[in-house]
Structures are given as C-alpha cells and as structure tokens.
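Q: Let me give you the structure first, and then I'll get to my questions.
Protein chains: 2
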Amino acid sequence: MIIDCHGHYTTAPKDLEAYRQRQIGALKDSSPFSFDTLAITDDQIRESLEKAQLKFQRERGTDLTIFSPRAMGMGHHLGNATTSLEWSRVCNDLIYRVCSLYPEKFAGVCQLPQSPGVPPANCIGELTRCVEELGFVGCNLNPDPSGGHWSDPPLTDRFWYPLYEKMVELDVPAMIHVSGSCNPNFHATGAHYLNGDTTAFMQFLTSDIFKDFPTLKFIIPHGGGAVPYHWGRYRGIAQDLKRPPLGELLLKNVYFDTCVYHQAGIDLLTKVIPIENILFASEMVGAVKSIDPETGHYFDDTKRYIEAVPGLREADKRKIYEGNALTVYSRLKTKLSVSKANRAPL
Amino acid sequence: MIIDCHGHYTTAPKDLEAYRQRQIGALKDSSPFSFDTLAITDDQIRESLEKAQLKFQRERGTDLTIFSPRAMGMGHHLGNATTSLEWSRVCNDLIYRVCSLYPEKFAGVCQLPQSPGVPPANCIGELTRCVEELGFVGCNLNPDPSGGHWSDPPLTDRFWYPLYEKMVELDVPAMIHVSGSCNPNFHATGAHYLNGDTTAFMQFLTSDIFKDFPTLKFIIPHGGGAVPYHWGRYRGIAQDLKRPPLGELLLKNVYFDTCVYHQAGIDLLTKVIPIENILFASEMVGAVKSIDPETGHYFDDTKRYIEAVPGLREADKRKIYEGNALTVYSRLKTKLSVSKANRAPL
Chain B
998 MIIDCHGHYT
1008 TAPKDLEAYR
1018 QRQIGALKDS
1028 SPFSFDTLAI
1038 TDDQIRESLE
1048 KAQLKFQRER
1058 GTDLTIFSPR
1068 AMGMGHHLGN
1078 ATTSLEWSRV
1088 CNDLIYRVCS
1098 LYPEKFAGVC
1108 QLPQSPGVPP
1118 ANCIGELTRC
1128 VEELGFVGCN
1138 LNPDPSGGHW
1148 SDPPLTDRFW
1158 YPLYEKMVEL
1168 DVPAMIHVSG
1178 SCNPNFHATG
1188 AHYLNGDTTA
1198 FMQFLTSDIF
1208 KDFPTLKFII
1218 PHGGGAVPYH
1228 WGRYRGIAQD
1238 LKRPPLGELL
1248 LKNVYFDTCV
1258 YHQAGIDLLT
1268 KVIPIENILF
1278 ASEMVGAVKS
1288 IDPETGHYFD
1298 DTKRYIEAVP
1308 GLREADKRKI
1318 YEGNALTVYS
1328 RLKTKLSVSK
1338 ANRAPL
Chain X
998 MIIDCHGHYT
1008 TAPKDLEAYR
1018 QRQIGALKDS
1028 SPFSFDTLAI
1038 TDDQIRESLE
1048 KAQLKFQRER
1058 GTDLTIFSPR
1068 AMGMGHHLGN
1078 ATTSLEWSRV
1088 CNDLIYRVCS
1098 LYPEKFAGVC
1108 QLPQSPGVPP
1118 ANCIGELTRC
1128 VEELGFVGCN
1138 LNPDPSGGHW
1148 SDPPLTDRFW
1158 YPLYEKMVEL
1168 DVPAMIHVSG
1178 SCNPNFHATG
1188 AHYLNGDTTA
1198 FMQFLTSDIF
1208 KDFPTLKFII
1218 PHGGGAVPYH
1228 WGRYRGIAQD
1238 LKRPPLGELL
1248 LKNVYFDTCV
1258 YHQAGIDLLT
1268 KVIPIENILF
1278 ASEMVGAVKS
1288 IDPETGHYFD
1298 DTKRYIEAVP
1308 GLREADKRKI
1318 YEGNALTVYS
1328 RLKTKLSVSK
1338 ANRAPL
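Chains as they are written, first to last, in this note's numbering: chain B, 998 to 1343; chain X, 998 to 1343.
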C-alpha cells in the first residue's frame, strides 16, 4: 500500500472560495453573513477529485492520500478566532465528505481554527470534533498564524502546550504547515513554506519539548525545508550547544515528508535522514503543477524519485510508503484494520 | 589559489564587543558616548587571527579569505541609522586593519549601515568609502534589517535600487546576509540565516531585477539556504509562473557559496547548481565550531567535501576555489594582479 501523507484539497469546487470571499467581505463591511450558505453537491466533489487527485493516484499507483484543506487557504491571519473557527469547520466538513465518498482513497486531516495572538487551546474543540466525530487522523498546525509576521511565540513555548496535551490524548500527529503569506517578503510556496519548516525544526532542536511530550509527533513537510540539506550544520549546532545527538533529541518525534521535486533532493533526503523518519508524500495537486522538461514527468510525481534512489532497499521503500505513516498516524492504522476486517469474506 | 569567499571576524578582540555594548547602552540612557573610545592594538589583531582564521587557513590549505565583520554583530535593528553608521565604520575600519596586516591572506568586504525603514541609499557613502578608500571588494547586504520581523520591502523593490546603482558603478557584489534575530521564533544560525537565503532567492525569481541591473551580482551564502535541495521545486515554480528558465533568469547574477557542512549536501550542491555559480567558502570561524564525530574533521572544513565529490573534475574545482570568485569579486582580481606584479622580480 502506498500512502501519500500530504495532500490538500486545492481543487475544491469554486463555491468554497466564493463562500470564503463572502465571509471575509462581511468582516470588512460588517454586513450580515450566514454560516450556512455553502451548497456543494456530492457530484461537484466527485468531479473536483476525479480529474485531479484520483486521476493522479491511479496514474502514479498510489493508494491513499492523507487529505486536508488547502494550506494556502487557511488564512489564519484573516479576521479573528470566530472567523477562523467558522472557516475551519466548513473546510473540515468538506474534507469529511471527501473521505466519506472515497473512504479507501482519502483519510482526513483537519485545519485548526488558529488566530494570531489567540492561545492554541482555542483549537481543542475543533480538533476533538474532527478526530472523534469525523474520524480524522491528524491536524495541520500553523507555526505562524500571522501569515509571515511571526508574531506568536515559538512552537516550543508553553503557549502551545494545551493543544499538544490534547493531541497526545487523542493520539494524533500534526503536520507543521504555514498558510499563505501576507508579508511581501515571502513568496508562499517558494519561501514561506520552506522557512516555516526550517524554523520549526530549529525550535525543536533548542528545546526540551519532547521531554515534556515523549509521544508527541510532528511531520515537517516539503522534505523538511532546508534541514536535510544542512544536516551537518544541525548536527554541529546541536553538538556546539551541548544538546543530545539529533536521533535522541528529536527523531522519535519529528518526521519528514518526501515533497522534494527532483532526484538529487530525494537522494540526499534518504541518505542523511533515517528511513524510519521519512514519510512518502507528493503534495499533489499543489505547489508545482507542471511537467519537468528534464524528465518528462510531473515535478510532484515523487514516487518516481523514491523508486530511482540508488541502492534503496525494498524493505526501506515499504517503510517510506506505508510503515512509517501507519506508525505516525496511528489512528489510520486502526481505521485501515477495521476497514479491512469489514471487507473480509464472512 | 584557494579563495574562501565567506569569513567573518568572529574572533575580534573583546574590546570591540565592549565598545558596542557602550554604544547600545548610551542609546538607552542617553549618556554621552564618544565615537573614538576603541583602542585595539595591531598585536591584539594578530593574536585574534593567528590562533583562528590563519591557523585554519594553514591547516586546511586555503589561501585568502574574503573577510567581513561578524554577521551576527551587525545588529541593524539596534538603535537608528546613526548608530548603524558609527558601528559600521568601526567594524569596517577593523577589517581594513586586518587586510593591511595580512594583505595576502584577507580581502575586505564591508558591513553596511542599514537600519529598519531607512532607505538603503543611506548606505552609499559607507560603501563608497570602503571600496574606494579602504580597497574592499564587496559588501554584505542584510535583506531584513529588522532582525527577524521582515518589515522592510523585498530586495527587489525600488527602495533598494539606489544602492544597487552604486554597487554596479563600483563593480562590487553583495553577499545577502542577515544579522542576528530579535524574533524568538528564529534561531540565528539555524533558522534566520537559512530563511534569509531562501527568501532572497525567491524574491529574485519572481522579479525582473536583473533586467534592470544586468551586471548586479549577489552571493547567497550557506549553500543557498534551502534552494539547491529544492532546485526542482524552483525550476517548477518558475515554469508555472511563466518565468524564464532559472539559468536565463538569474544565474548570470546569483551565486551560491559552499557553506554546507556535510558531504551529501556538497554533493547535491555541485550536482544541481552549475559549477560556474558556486564559490568556495567555509564561514570559519563561524556557525559550527566543533569537530564532526562521524568524520573526525571540523564540520566547517568544507574543502574536504569539495575534494571528495565523486567525479568532480579538476577544472571544476579550480572554478569553485578561485575562478568564480575572481569573476564575481572583480576588484579582487585587479587587486591580486597588482599585488602579483609588485612581487615579481624586476
């Protein structure tokens, strides 16, 4: 089985974005806005997926995508905590419908109703609803709800701890994922995303967060930002700071996905990061949509790169494709066992 | 000849830091502060280098370091434009003394008197002084003078153009280099530095700055931040945005150094980035000071990694070690020719 741990609903029916624009517009002019004005049909959902995510799953031979609302669309910096809660509920409900229509193709991960300056404890309700009522297996956590101004405390601050307590209790991991940038310095997918990844890793390296939460799990997407490329730098900085070796300090809690869009990058990732810490992902349909003229294949067809890593053993590929995801997203494992049992002949 | 294009005076005599503390202190309590209270002897300078940069040059077999004030120490976010000008002059004068004491071992690069919100045109005077009077060959340009708040316009904004005009006129490149971070989200050497590199590259990718300044040259340090590791992503984003191929768009103007502290990183860098765009550097004595227990050598002994790149041709090594640096730092080439001529027997 090949599990893609990083997919966003970037192809959602246009009504969703129109709804969001109405919500944001109502904030500006204080006009009345009804929370229940979104009417997307099952057919619209099917159509939005059949020509995109499902088509690529079939063509590339991947099986299940861990699926969450569009990251750029989370827009935690817009409006306030109420805006974010309403918007998160709408987006998460739509992911739930996707997963209900295609239970073998998608598993849900939720957007959290974060808002700059608002304690993350505020997200516990929506996280719990998504996990316990909608059957989601994880959440996306924005390390910078301000959208490029980085005005909240680091992820390792106690500000975030109540949310982590709930994650541990529910046994769900978080993918560290920023949203769009409202700071003109940062292009979203080309800078802000990767900076968010690099920043989060370094926050973990300098803290004792995993002493406080030994079972807390984070996935750092986009191949870990700059981290694997600078693995020597990080090993060295940790050593200079008298921190424990990285394996001991954070590799029981921090994982990297494979959203790196060329062979040399994936070769490096699988060479320097322990195989147990790598989860297959493509981010499709996402940051890069086109075909690489150098290879003739989609940039984001990351399975091809994994397959072509020199000397990568079959057992290691199985870990990257499936085993590690089932370890990190432990609720997915339970979900799949139940689903398999249900399918078994009587 | 082996030119290390990225060295900071991190080992400057302690009096320099004490001076800086007095300067900052005077800002806070408005106490009188004399600009001329720094007294560092030539012997102190010699001692600060002999046991550090010069020792490593000898041990590692490198010849000349392009040398600038400590990056973390620039602290453009402290005080105002006057504070920065005074401090830059002091730091640059000290680099000048280093280069005068060891003209064959160091070439100067200046710190600029940047200050958040202050137009970079304000730096033209000090840049001109350093290049024309002190014989410096380049400058360090901080893309975020706010120290982690990213409150100034992107490097591609016309805000920066007057400084670029002067750089072009003087024919000097800039290394894009942030200073310390006063934002608790960003560890300086582990996150802010690399984020600055990644951010600057993406700013260039989305702009036409090099149409406006066809001969402007930038070095992106720390191996280009996250960029080479995500080279496929950048090629893809450029293509999706209908930008020209990266080679055409920016590789006549943007260069990467080799401050990547493990073999796999340097292997990737030299594989995906054209050899003509790579400049040897170590950042010693800098971000990582210790010995890698996996190799038994200093993490920042980057020459070892270059030497060990599989299949890297001797001619390519010469470009990385010397040729490219002389192209980018054209004033260094002139300087070395003059120096060589002076040494030649009559």
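Each residue gets a CB set at the ideal place from its N, CA and C atoms; glycine is no exception.
Hey, out of 1051/B, 1184/B, 1067/B, whose CA is closest to residue 1060/B's CA?
A: Of 1051/B, 1184/B, 1067/B, the residue nearest in Cα terms is 1051/B.
Q: How about residue 1287/B: is its C-beta nearer than 9 Å to some C-beta of chain X?
A: Yes, residue 1287/B counts as interfacial toward chain X.
Q: Could you round the C-beta distance between residue 1092/B and residue 1064/B to whole angstroms and report it? I think they count as a contact, below 8 Å.
A: That belief holds up - the Cβ atoms of residue 1092/B and residue 1064/B are roughly 6 Å apart, short of 8 Å.
Q: Name the residue from 1070/B, 1041/B, 1155/B, 1030/B whose alpha carbon lies nearest to the alpha carbon of residue 1345/B.
A: With chain B running from 998 to 1343 in the structure shown, residue 1345/B is simply not present.
Q: Suppose you measure from the CA of residue 1260/X to the CA of residue 1302/X; what does that come to, to the nearest Å?
A: Using only the alpha carbons, I get a separation of about 5 Å.
Q: Once the 5 residues before and after residue 1106/B are set aside, which same chain residues still bring their CB inside 8 Å of it?
A: 1063, 1064, 1065, 1092, 1133, 1134, 1135, 1136, 1137, 1172.
Q: In chain order, what residues of the segment 1172-1190 of chain B put their CB closer than 7 Å to some CB of chain X?
A: Cβ contacts with chain X: 1180, 1181, 1182, 1183, 1184, 1186, 1187, 1188.
Q: Do residue 1104/B and residue 1332/B have their C-beta atoms within less than 9 Å of each other?
A: Yes, the pair counts as a contact, with Cβ atoms nearer than the cut-off.
Q: Between residue 1233/X and residue 1234/B, which are expected to be in contact by the criterion C-beta below 8 Å, what is the C-beta distance as a whole number of angstroms?
A: The pair is not a contact, with the Cβ atoms about 30 Å apart (cut-off 8 Å).
Q: Residues of chain B with a CB under 7 Å from the CB of residue 1236/X: which are they?
A: Chain B residues near residue 1236/X: 1287.
Q: My understanding is that residue 1278/X touches residue 1255/X, with C-beta atoms under 8 Å, so please give their C-beta distance in whole angstroms.
A: Correct: roughly 5 Å between the Cβ atoms.
Q: Closer than 7 Å by C-beta to residue 1146/X: which residues in its own chain qualify, once you throw out the five before and the five after it? Chain order, please.
A: Within the same chain, residue 1146/X has close Cβ partners 1180.
Q: By the criterion of Cβ-Cβ separation under 8 Å, what are the contact partners of residue 1251/X in chain B?
A: Result: empty, since nearest Cβ-Cβ is about 14 Å, beyond 8 Å.
Q: Since residue 1154/B contacts residue 1287/X with CB under 8 Å, what's their CB separation in whole angstroms?
A: So it is not a contact: roughly 28 Å between Cβ atoms.
Q: I need the DSSP call for residue 1220/B, collapsed to helix, strand or coil.
A: Of the three classes helix, strand and coil, the one that applies to residue 1220/B here is helix, per DSSP.
Q: Could you list which residues in chain X have their beta carbon closer than 7 Å to that of residue 1199/B, in chain order?
A: Those within 7 Å of residue 1199/B in chain X are 1184, 1187, 1188.
Q: Quick check: is the beta carbon of residue 1192/B nearer than 9 Å to any beta carbon in chain X?
A: Closer than 9 Å: yes.
Q: What whole-angstrom Cβ distance do residue 1177/B and residue 1144/B have, given they're in contact under 8 Å?
A: Right, the Cβ-Cβ distance comes to about 6 Å (below 8 Å), so this counts as a contact.
Q: Find the residues of chain X that neighbour residue 1268/B, judging by a C-beta separation of less than 8 Å, and give them in chain order.
A: Under the 8 Å cutoff, chain X gives 1261.
Q: What is the C-beta distance between residue 1002/X and residue 1317/X, in whole angstroms, given that I count them as a contact (C-beta under 8 Å)?
A: Actually they do not touch by this definition, with Cβ atoms about 10 Å apart.
Q: Can a CB atom of chain X be found closer than 9 Å to the CB of residue 1265/B?
A: For residue 1265/B, the answer is yes, since a Cβ of chain X falls inside 9 Å of its Cβ.
Q: Quick check on this structure: which residue in 1324/X, 1224/X, 999/X, 1088/X has the alpha carbon closest to the alpha carbon of residue 1035/X?
A: Ranking 1324/X, 1224/X, 999/X, 1088/X by Cα distance to residue 1035/X puts 1088/X first.
Q: Please decide whether residue 1008/B counts as near chain X, where near means a Cβ-Cβ distance under 9 Å.
A: No, residue 1008/B lies away from the interface with chain X (no Cβ there is under 9 Å from its Cβ).
Q: May I ask you to report which of helix, strand or coil DSSP gives residue 1326/B?
A: Coil, per DSSP.
Q: Counting only beta-carbon separations shorter than 9 Å, does residue 1147/X have a partner in chain B?
A: Output row for residue 1147/X: interface = yes.
Q: Have a look at 1110/B, 1119/B, 1168/B, 1080/B and flag the residue whose alpha-carbon is nearest the alpha-carbon of residue 982/B.
A: With chain B running from 998 to 1343 in the structure shown, residue 982/B is simply not present.
Q: If we ignore side chains and look at the alpha-carbon of each, how far apart do residue 1304/B and residue 1024/X end up?
A: Cα to Cα, residue 1304/B sits roughly 60 Å from residue 1024/X.
Q: Please list the partners that residue 1151/B has in chain X, where partner means a Cβ-to-Cβ separation under 7 Å.
A: Those are 1181, 1182, listed as they occur along chain X.
Q: Is it the case that the segment 1106-1118 of chain B contacts the segment 1148-1163 of chain B, given that we only count it when at least three CB pairs across the two stretches are under 8 Å?
A: They touch, by the three-pair rule.
Q: Measuring alpha carbon to alpha carbon, tell me which of 1169/X, 1295/X, 1098/X, 1197/X ends up nearest residue 1040/X.
A: Checked all of 1169/X, 1295/X, 1098/X, 1197/X; the closest Cα to residue 1040/X is 1098/X.
Q: Closer than 8 Å by beta-carbon distance: list the chain X residues that pair up with residue 1202/B, in chain order.
A: Ordered by position in chain X, the residues that pass the 8 Å Cβ test against residue 1202/B are 1184, 1187.
Q: Could you give the DSSP three-state label for residue 1066/B: helix, strand or coil?
A: Of the three classes helix, strand and coil, the one that applies to residue 1066/B here is strand, per DSSP.
Q: Let me confirm a value: residue 1335/B is counted as buried when at least 16 other C-beta atoms fall within 10 Å, else exposed. Which label applies?
A: Exposed, since its Cβ has fewer than 16 Cβ neighbours within 10 Å.
Q: Got a sec, what are the start and stop residues for the beta strand (DSSP E) residue 999/X sits in?
A: Per DSSP, residue 999/X belongs to no beta strand (DSSP E) and is neither H nor E.
Q: If we ignore side chains and look at the alpha-carbon of each, how far apart do residue 1083/B and residue 1112/B end up?
A: Going by the C-alpha atoms only, they are around 12 Å apart.
Q: Does residue 1140/X have its Cβ less than 9 Å from a Cβ in chain B?
A: Chain B contact via Cβ: present.
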